[in-house]
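For what it's worth, this note's numbering labels the leading residue of the sequence shown as 4, then goes sequentially.
Where is the CB? At the ideal position from N, CA and C, for every residue including glycine.
Written out below as structure tokens is the structure these notes cover.
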Amino acid sequence: MAEPLLELSGVHAAYGDAEVLRGIDLVVGEGEVVVLLGANGAGKTTTLRSICGMVGTRGSIRLGGTELVGRPTEWIIRRGIAHVPQGRGVFGVLNVEENLRVGAWGRKDTKAIEADIERWYGVFPRLGERRGQLAGGMSGGEQQMLAIARGLMARPKLLLLDEPSLGLAQIITRGLFAQLEDINREESVSMLIVEQNAELALSFASRGYVIESGSIVLSGTADEVRGNDEMRRAYLGY
Ligand SMILES: Nc1ncnc2c1ncn2[C@@H]1O[C@H](COP(=O)(O)OP(=O)(O)OP(=O)(O)O)[C@@H](O)[C@H]1O
Ligand SMILES: [Mg+2]
């Protein structure tokens, strides 16, 4: 693995009294793609939310060596993390281009922002064709592309994606993952991806973790995770 970029150690998280994460250890290396798998309610979304300071968290979460636990979300995001939450989260009443500009908040390099907008239109041509259209009226796949492009407008070091394929047709999902692969390779953006489509995610990620009831029960290279019988039965269905 490359130098660690994101390091979780002994992470506990709770909603009020209900403890949901019970001591998570997880690493994402520089430029690496890591997938987090697990059943519904296992704590995948909560793991991403604890990285972003959106849920009460104990333990240590470091980004490039800097401790994030206890910091407000805005501070964490400014350190170079983009979070695309489950269920997309585009601004429906803003048009495509306005959504992209919201993603660039905090950046002052006006020229580079314009260039980035054009770049994401190049990567996702559907967005370019619909740049003036309200995001709320676009298809699920288009909204997902927009949510990802908006996250990348912040020029993050680390992209957190929560179920990017949710509700998308398989062919759209495959196209989306191909684009993520290009983005990872060309921009060396590290990614932590929560995904129900385990097989697809493992074909793209270099390593994987499986979470069950708030604990990591399996981790390894994508091949190791894919080759684990228990894992296959539970999540791959064959
Ligand atoms: N805001 C909340 N308040 C209280 N409990 C919550 C809250 N959000 C999630 N939980 C609980 O925390 C546990 C983990 O939820 P989480 O959303 O992290 O799971 P998940 O692995 O992302 O599941 P899914 O695959 O369904 O998205 C679940 O038992 C859930 O009911
Ligand atoms: Mg979830």
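Any non-hydrogen atom of ligand 2 closer than 8 Å to glutamate 215 Cβ: no
Contact check, alanine 157 vs arginine 188, beta carbons under 9 Å: no
Burial state of tyrosine 18, where buried means 16 or more other Cβ atoms lie within 10 Å: exposed
Start-to-end residues for the beta strand (DSSP E) that takes in leucine 137: Counting along the chain, leucine 137 falls outside any beta strand (DSSP E), and DSSP gives it neither H nor E.
Beta-carbon gap between histidine 86 and glycine 34 smaller than 9 Å: no
Glycine 56 classed as buried or exposed, judged by whether at least 16 other C-beta atoms fall within 10 angstroms: buried
Alpha-carbon to alpha-carbon, glycine 178 and phenylalanine 207: 12 Å
Option in Gly62, Leu103 and Asp226 with minimal Cα separation from leucine 149: Leu103
Contact set for glutamate 10: own chain, Cβ-Cβ below 6 Å, skip 5 residues either direction: Val30 and Arg65
Distance between beta carbons of glutamine 89 and leucine 183, contact taken as under 8 Å: Not confirmed; about 16 Å, so no contact.
heavy atom of ligand 2 below 8 Å from valine 38 C-beta: no
Serine 206 - containing alpha helix (DSSP H), residue span: 201–207
Inter-residue spacing [alpha-carbon to alpha-carbon] between serine 222 and serine 53: 20 Å
Three-state secondary structure assigned by DSSP to serine 216: coil
Three-state class that DSSP yields for alanine 5 in the structure shown: coil
Reference leucine 51, options Arg235, Val105, Ala5 and Ile214, closest by Cα: Ile214
Any non-hydrogen atom of ligand 1 closer than 8 Å to glycine 46 Cβ: yes
Same chain only: Cβ atoms within 8 Å of threonine 76, ignoring 5 sequence neighbours per side: Cys55, Gly56 and Met57
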